[in-house]
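Take the sequence shown: its position 78, counted from the start at 1, is 77 in numbering that gives the first Met the number 0, and no numbers get skipped.
Heads up, the beta-carbon is just placed ideally off N, CA and C, and yes, glycines get one too.
Remarks on the structure that follows.
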Amino acid sequence: MPYEVGAQVRLVRDVQVGGNDTAGRVGSPGPLFLAEGLRGVVTGSARVEPRGLAQDALAEFDRRVGGQRFDGHAAGLLGNLRDQIIRQGAVDSGGAGARIGYQVRFDNGFVLHGLDEDALARV
0 MPYEVGAQVR LVRDVQVGGN DTAGRVGSPG PLFLAEGLRG VVTGSARVEP RGLAQDALAE
60 FDRRVGGQRF DGHAAGLLGN LRDQIIRQGA VDSGGAGARI GYQVRFDNGF VLHGLDEDAL
120 ARV
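Here it is in C-alpha cells:
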C-alpha cells in the first residue's frame, strides 16, 4: 500500500544506511544499519528504476559497442547478445518494472531515500 507524505511509519526489518560490506576488511567501519522498529515520517517518494547486475552489464555493453560500425552479420550477433542481457535483467528482477522509493526522516535524525515499500509499515 502506498504511503503519502506525512505518514507515520516504522521499519519492519533492518535497513542498511551506507558503507559496503568489504569496508571491515580494510580497517574501516563496516556498514551502518537502522534497526527494525525505528519510527519516522515519510517526507517524499519517487519512482525508482530497477538496477542490478544485468542493467550494469547492459550499460557496459552499450558503452563498449555504441557508436561502432559493424557489418550486417556482426551487428546481428551483437543485437542478439544485447537481447540476451536484457532478458537476463527481466529474470534478475522477476520481470518487475519501476517501483516507488520512499524518503523517510527517522526519529534519530537519519533521512533515508529510496526505501522499498516492503521495508515499512504504518504506525
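* Asked: Residue range of the beta strand (DSSP E) that Gln67 falls in?
  -> Boundaries cannot be given for Gln67, as no beta strand (DSSP E) includes it and DSSP labels it neither H nor E.
* Where Ala74 and Gly65 are concerned, what is the direct C-alpha to C-alpha distance, given to the nearest angstrom? -> Looking at the backbone, the Cα of Ala74 and that of Gly65 are separated by about 11 angstroms.
* Out of Pro1, Glu59, Gly108 and Phe105, point me to the one whose CA is closest to Ala45's CA. => Of the listed residues, the one whose Cα sits closest to Ala45 is Pro1.
* Which one of Gly36, Leu80 and Gln102 has the shortest CA to CA distance from Ala53? -> For Ala53, the nearest C-alpha among the options comes from Leu80.
* Nearest to Ala118 by alpha carbon, out of Leu31, Gly5, Val4 and Arg38? -> Ranked by how close their Cα comes to the Cα of Ala118, the residues Leu31, Gly5, Val4 and Arg38 have Arg38 in first place.
* Roughly how many whole angstroms lie between the Cα atoms of Ala6 and Leu77? -> In this model, Ala6 and Leu77 are separated by some 48 angstroms (Cα to Cα).
* **First and last residue of the uninterrupted beta strand (DSSP E) at Leu119** => Run containing Leu119: Leu119 to Arg121, per the beta strand (DSSP E) assignment.
* Are the beta-carbon atoms belonging to Ile85 and Leu57 less than 8 angstroms from one another? -> For the pair Ile85 and Leu57, the CB atoms are nearer than the 8 angstroms cut-off.
* On the three-state DSSP scale, how would you describe Phe32? -> DSSP places Phe32 within a strand segment (E or B) once states are collapsed to three.
* Asked: Do the CB positions of Leu33 and Val47 come within less than 8 angstroms of each other?
  -> No. Outside cutoff.
* Using alpha carbons as the reference points, say which of Asp55, Asp13 and Thr42 lies closest to Gly36. => Among Asp55, Asp13 and Thr42, the Cα nearest to that of Gly36 is on Asp13.
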